[in-house]
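Visitor: Numbering (the working numbering), first residue to last: 777 to 1518. Structure in structure tokens, see below.
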């Protein structure tokens, strides 16, 4: 394996990936993606190839057929959330070193087939911490040769240190350019890789509302963000096209609308799309995509920016949606030139004209009336590269009366007298949108438009379409409250936990003595909470306190707090701040009250200066920290997670003596002494804080087992397979009891 310098030139074709001839087929034996068996398909004879021949040039079409049958390179991004600024570059460098070692550790070149090439890894030049290596993920997963490498990558991903994310999926947040403290909406967020990027940009003091219409996908989003939960994060479960308005006229600074799409840009990782693709997919999604975009614009501040994106190259889902929004917004919306953002990222300009294909006949049509009768219900005037209104029509009157449903009605068909091309200014703006083709930098296909709301949107009186969207959102808010108040909200399916709004909504912290207790116990400054707001979910006797940002509190803890949590169908919000420390009386405070523990999730936000905290241990030497990381990793017993002082004294007796002299029991805060060590990898942990537990005869880390195993492997290059977690053991025990009953 070799480390390649980043390339900014289009990837040249190679002999091993020549253009497939008429006999070429794509086949994945045994593949059951999306519940379907993969069917051999001739790319040149497919409907999708026939469709894109009408859109792309002959040269681009050859590249299309060449690159979309190639396996997709695997890409990763190093997460910087919850970490000091120095963590990402240092971790990224160490990741590259270990990748090289594990990829060549057991390599036997004699076993390499003629078509299998040596793994090459390179940094993505347009995103910090981004990596790409030239192998499909299936090669890594299924090859015995790369078993060690696969284990390493899996563990780092599960621990939350790296994010397995397609390269083009990283692009929309880059162009959105969210800033710390801003209010941002990710309106179609699941599974959450882009949400993780936005969290790093927004930080703990802002607001990031991540939404998905499917509750199951919301819990996937929860799972993927749990290791980097922040006070600024709120996950909601709403229809994006009817997303509720924020209270008090609040609006978002930035919005990411990565809308549902046909996904034909993902052919490289989902070859099962080839045989089942149809023009109907893009046509059926177009109206939903347009509604989501327009509703998102209604939630955006003037001068705010919105990124519209899809993983499709179909202009019906891309340029047609943007062109329609530009016309409906009547000059309020503009497409920004993004050429200065990530200049090393190669992109092609958006299209200004495109065909509309009837899915029933596969013929190009130029009007709704020309469509086959079975297709007319799916074809809208907004899909055509024409102006919505003819040159002789009164635009003001048409905007005031035209509704979305009318855009496909027969009495609104195009005629020769009223057809006019898109205005020149809209065509010019469409060329500022961006298409990312696979042959530009060996990625999947993607479309991105950076939009700015330059002035207020037209009023409801002057735009029936915008008025319809406002009315639909208000109707959703009202019906949601009525269902909740009547206790008629449907419960989640079996196996899915009830979301926060339906189970125990947040409410302001009632017992303010908890804050005073924590401040006293940890010897923290008067303003250690800062601008964060504390909340609880249990009505009485709360054992866990939640921390949310001020922006989150202004929405969900104002007035009747449960109302807005119900309207937005909040699944989860904020992060854990304090947890009641129960158990042996010797771990209580001197006055006999319970001590409140600061968990790992909130320690970076509350303890900016760890050494000023009374419960902070002296900086931990490298050798002691490695012993704490590795303790009990392969065990399922909680007691094995701590290390006895007798064992630690064999490593560094001076440090153990300093700790025992503190005469302290219970939670402690640990930081790493990165100065007196010759281990370069440990430097990545400089400035990081860890929650720990100090007993009368032992010391341990309060860090998830997978995270400890991942850090230990990253520093030492030694793999210890983590033992089962508590939840895994409980799940196995329940299964065993069920089997015994049967």
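Cβ atoms here follow ideal geometry from the backbone N, Cα and C, with glycine treated the same way.
So, residue 1005 versus residue 1499, is the Cβ gap smaller than 9 Å?
Guide: no
Visitor: Provide the residue span of the beta strand (DSSP E) that contains residue 909, from first to last.
Guide: Counting along the chain, the beta strand (DSSP E) containing residue 909 begins and ends at 906-909.
Visitor: Hey, residue 963 and residue 1038 are a contact pair by Cβ (cut 8 Å); roughly how many whole angstroms apart?
Guide: Not confirmed; about 18 Å, so no contact.
Visitor: Excluding five sequence neighbours on each side, which residues of the same chain lie with their C-beta closer than 8 Å to the C-beta of residue 832?
Guide: Excluding residues up to 5 positions away in sequence, 840 lie with their Cβ nearer than 8 Å to the Cβ of residue 832 in the same chain.
Visitor: CA-CA distance, residue 1040 and residue 1020?
Guide: 30 Å
Visitor: Determine, using beta-carbon pairs with one atom in the segment 1272-1288 and one in the segment 1051-1058, whether at least three such pairs fall under 8 Å.
Guide: no
Visitor: With a CB to CB cut of under 6 Å and the five nearest residues on each side skipped, what residues in its chain are close to residue 949?
Guide: Taking C-beta separations shorter than 6 Å and ignoring five residues to either side along the sequence, the partners of residue 949 in its chain run 970, 973 and 974, following chain order.
Visitor: Taking the runs of the alpha helix (DSSP H) that are 4 residues or longer, which of them lie wholly in the segment 1232-1275?
Guide: 1240-1261
Visitor: May I ask which residues mark the beginning and end of the alpha helix (DSSP H) holding residue 1486?
Guide: 1481-1492
Visitor: What first and last residue would you give for the beta strand (DSSP E) that runs through residue 1352?
Guide: 1351-1357
Visitor: Count the C-beta pairs between the segment 1062-1069 and the segment 1152-1159 that are closer than 8 Å, then say yes if the count reaches three, no if not.
Guide: yes
Visitor: Kindly confirm or deny that the segment 1334-1352 and the segment 1292-1300 touch, where touching means at least three C-beta pairs closer than 8 Å.
Guide: no
Visitor: Starting from the Cα of residue 1241, find the closest Cα among 1338, 908, 1017 and 1484 and give me that residue.
Guide: 1017
Visitor: By DSSP, does residue 1213 sit in helix, in strand, or in coil?
Guide: In the structure shown, residue 1213 sits in coil (DSSP, three-state: anything other than H, G, I, E or B).
Visitor: Can you give me the Cβ contacts of residue 1326 inside the same chain, cut-off strictly under 8 Å, excluding the 5 residues immediately before and after it?
Guide: 981, 1307, 1308 and 1309
Visitor: Residue 791 to residue 842, Cα distance in whole Å?
Guide: With a pLDDT of 34 at residue 791, under the threshold of 50, the modelled position of that residue is not reliable, and no figure is offered here.
Visitor: Sort out for me which residues DSSP pairs residue 1134 with in a bridge.
Guide: According to DSSP, which records beta bridges pairwise, residue 1134 is partnered with nothing at all.
Visitor: By Cβ distance below 7 Å, which residues in the same chain neighbour residue 1314 in space, the five residues on each side in sequence not counted?
Guide: 1280
Visitor: Are residue 997 and residue 1033 close, meaning C-beta to C-beta below 9 Å?
Guide: no
Visitor: In whole angstroms, what is the alpha-carbon distance linking residue 1380 and residue 858?
Guide: 7 Å
Visitor: Out of 944, 1216, 1076 and 905, which one is the CA nearest neighbour of residue 938?
Guide: When only C-alpha atoms are compared, the closest one is 905.
Visitor: For residue 1269, count neighbouring Cβ atoms within 10 angstroms of its own Cβ and tell me buried if that reaches 16, exposed if not.
Guide: exposed
Visitor: Exposed or buried, residue 834, counting other C-beta atoms within 10 Å across all chains shown (16 or more means buried)?
Guide: Counting every other CB atom within 10 Å of its CB across the protein chains shown gives residue 834 a total below 16, marking it as exposed.
Visitor: Can you give me the Cβ contacts of residue 1008 inside the same chain, cut-off strictly under 6 Å, excluding the 5 residues immediately before and after it?
Guide: 978, 980, 982, 983, 984 and 1325
Visitor: Have a look at residue 1305 and residue 1356 and give me their C-alpha separation to the nearest angstrom.
Guide: 17 Å
Visitor: Identify whether residue 1445 lies in helix, strand or coil by the three-state DSSP scheme.
Guide: strand
Visitor: At what residue ranges does the segment 1274-1326 contain a whole run of the alpha helix (DSSP H), taking only runs of 4 or more?
Guide: 1289-1298
Visitor: Between the alpha carbons of residue 870 and residue 1462, how many angstroms are there, rounded?
Guide: 14 Å
Visitor: Between the alpha carbons of residue 1477 and residue 1398, how many angstroms are there, rounded?
Guide: So the two alpha carbons sit approximately 14 Å from each other.
Visitor: Please report the straight-line C-alpha distance between residue 1105 and residue 1247, rounded to a whole angstrom.
Guide: 17 Å
Visitor: In angstroms with no decimal places, state the Cα-to-Cα distance between residue 830 and residue 1131.
Guide: 7 Å
Visitor: Tell me, which residues are paired with residue 1070 by DSSP?
Guide: Note: residue 1070 sits in no beta bridge, so no partner.
Visitor: Of the residues 1272, 1227 and 934, which one's Cα is nearest the Cα of residue 1070?
Guide: 1227
Visitor: Between the alpha carbons of residue 1512 and residue 1410, how many angstroms are there, rounded?
Guide: 22 Å
Visitor: Looking at residue 927: is its Cβ nearer than 9 Å to the Cβ of residue 1495?
Guide: yes
Visitor: Tell me which residue opens and which closes the alpha helix (DSSP H) that residue 1201 is part of.
Guide: 1200-1206
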